[in-house]
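One structure is given here, and the rest of the page talks about it.
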Amino acid sequence: MKLSRHKYIRRILNYYRTNFNIEFPFIILIDGTFAFEALKWKIQIDEQLKAYLETQQIICSTSLCAIKETELL
C-alpha cells in the first residue's frame, strides 16, 4: 500500500474513533457481490482487511440475503 494512502486511512480511522467512539473490534458487513469477486480473484478478504485497517480485531459478517444473492451468481 502506498504511504499516502496509508496515512489517509489512518487519519480517517482516528477521526471516526475520536468523534463517534468507534472501538475495536471492527464489524464489517460483506456484500454478496464483493464476496463473489473476491472468490473469483482469489483474494483473502480477512487478511487484506486486517492489513488495510492495521488491526487483528476484525469481525467479518454477511447477511442471509447476501448469501442467497451469491448463490444465484
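If you read the sequence shown in my numbering, its first letter stands for residue 3, the second for the next number, and so on.
Just so you know, even glycine gets a beta-carbon here, dropped at the ideal spot from N, CA and C.
Computed from a predicted model, the values in this text were never measured in an experiment.
Just so you know, the alpha carbons of GLU73 and ARG7 end up roughly 34 Å apart. Under the three-state reduction of DSSP output, LEU31 falls in the strand class.
Closest in alpha carbon position to GLN58, among THR20, ILE11, ARG12 and PRO27, is PRO27.
Shortest Cα-Cα distance from GLU25 to any of LEU31, ILE60 and LEU51 involves ILE60. Assignment of SER6 by DSSP, reduced to helix, strand and coil, places it in the helix class. SER63 is bridged by DSSP to LEU31. As the crow flies, the alpha-carbon of THR64 is around 30 Å from that of LEU5.
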